[in-house]
Structure formats: C-alpha cells, structure tokens
C-alpha cells in the first residue's frame with residue numbers, strides 16, 4: 123500500500139545556534155513517538171551534521187549551498203487522513219510554534235504532500 127509523504131523544508135535564520143538547530147531537529151524527529159499517525163520521519167540538515175547520517179539526520183551533500191534549503195523533513199503516514207490529523211495535531215503545532223518558527227526565515231517554508 124502506498125504511503126502519504128509530507129515533504130517540508132526551510133531556510134535557517136542568520137545566527138541560529140548549533141544548539142537550537144539540534145533541538146529543532148530532535149524535536150521534529152520525536153514526533154514519530156508522540157504522534158501516533160506518524161509512521162516515519164527522516165531529516166536532512168545543511169552542513170550541520172558531522173557525518174553522513176547521525177541520530178536519524180542525513181547531512182546535505184552541500185552541492186548547491188547558495189540555493190539549497192537548510193532543513194528538510196520527510197514525514198510518512200499510512201493515508202491522507204493521517205496527514206490531515208498530523209497537520210492539526212497540538213504536538214505538531216507546538217513544535218512549529220516553539221522550535222521551527224523561531225529558527226527559520228519567515229516565508230522560507232516549502233512543502234508538498236504525495237503518495238509514495
């Protein structure tokens with residue numbers, strides 16, 4: 123059965139600390155455990171991870187740093203209803219408000235949802 127994937131990416135604000143980036147990423151990844159409809163979350167970060175993959179975060183290869191986003195999340199669900207539930211889930215909205223918005227450039231969000 124195909125899954126529904128939510129792909130979302132952001133640019134980081136100038137001067138965001140390494141600690142804030144790590145907290146943001148960890149909080150996003152923790153939604154897999156705290157929101158039942160989330161089946162998997164993968165993350166990629168531009169140049170913030172010292173190895174190709176660490177703690178569930180893949181490092182961007184840095185092939186086009188001028189144009190690339192800085193954070194990418196791939197969030198998987200069993201179906202469209204799972205995504206709809208996630209989008210309005212209070213835990214998800216809290217992560218957006220308290221971790222994503224303070225660290226990212228306003229208007230830099232890019233997203234799409236698709237069946238995979």
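Residue numbers (this note's numbering): 123 to 238. Virtual Cβ for every residue (Gly too), placed ideally from N, Cα, C. Computed from a predicted model, the values in this text were never measured in an experiment.
Query raised in the report: When DSSP labels each residue in this structure, what does residue 241 get in the three-state scheme?
Result: This structure cannot settle anything about residue 241, because the visible part of the chain is limited to 123 through 238.
**Report entry** Alpha-carbon to alpha-carbon, residue 166 and residue 190
**Finding:** Here residue 190 refers to the residue found at position 68 of the chain shown. Here residue 166 refers to the residue found at position 44 of the chain shown. Approximately 11 angstroms, taken between the alpha carbons.
Requested in this report: Entirely within the region 138-224 and at least 3 residues each: give me those beta strand (DSSP E) ranges in chain order.
Outcome: 162-167, 179-181 and 193-199
Query - Within 8 angstroms, strictly: CB atoms of residue 142 and residue 225 - result: Against the chain shown, residue 142 aligns to sequence position 20. Against the chain shown, residue 225 aligns to sequence position 103. Yes, the pair counts as a contact, with Cβ atoms nearer than the cut-off.
Requested in this report: Give the DSSP-derived three-state secondary structure of residue 230 in the structure shown.
Outcome: Within the chain shown, the letter at position 108 stands for residue 230. Residue state, collapsed to three classes: coil.
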